[in-house]
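Count the sequence shown with the numbering used here and you get residues 719 to 832, in order. All residues carry an ideal CB built from backbone N, CA and C; glycine is no exception.
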Amino acid sequence: HTGLDAPKMKPAIVILCLFVASLYAADSDVPNDILEEQLYNSVVVADYDSAVEKSKHLYEEKKSEVITNVVNKLIRNNKMNCMEYAYQLWLQGSKDIVRDCFPVEFRLIFAENA
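Here is the structure:
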């Protein structure tokens with residue numbers, strides 16, 4: 719009896735394993751809109767360490783447009799966290815991200831205070 723059920727289980731287990739593996743896939747497989755949402759949420763809840771790490775990773779992966787889109791959305795939605803996010807990036811050695819992904823006004827503010 720159980721011998722007949724085993725072959726039916728195999729495809730389900732394979733599908734489950736593939737699904738679990740996809741959860742751990744590299745960010746390059748994750749659509750940009752999901753990456754944007756994750757970064758945006760990190761900034762909005764003031765989890766700047768996470769936001770900075772995500773930003774560094776995105777920047778290294780040549781996905782700076784994701785960061786730029788998040789910055790624009792933060793500004794559009796009047797999220798004051800955007801300034802602190804830029805400051806944390808600047809402070810933690812990611813001035814290049816601020817220069818490349820934020821409006822020029824941010825660079826000017828930080829350059830004056832440097």
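- Between the CA atoms of Gln810 and Cys819 - distance to the nearest angstrom: 16 angstroms
- Task: Return the chain-ordered list of same chain residues with a C-beta closer than 7 angstroms to the C-beta of Ile815, the five sequence neighbours on each side being excluded.
- Result: Ser773, Tyr777, Ile785 and Leu807
- Query: Over what stretch of residues does the alpha helix (DSSP H) that includes Glu771 continue unbroken?
  - Reply: Tyr766 to Glu778
- Query: From Glu783 to Ala829, what does the alpha carbon distance come to, in whole angstroms?
  - Reply: 23 angstroms
- Query: If you check the beta carbons only, do Tyr803 and Ala769 fall under 9 angstroms apart?
  - Reply: yes
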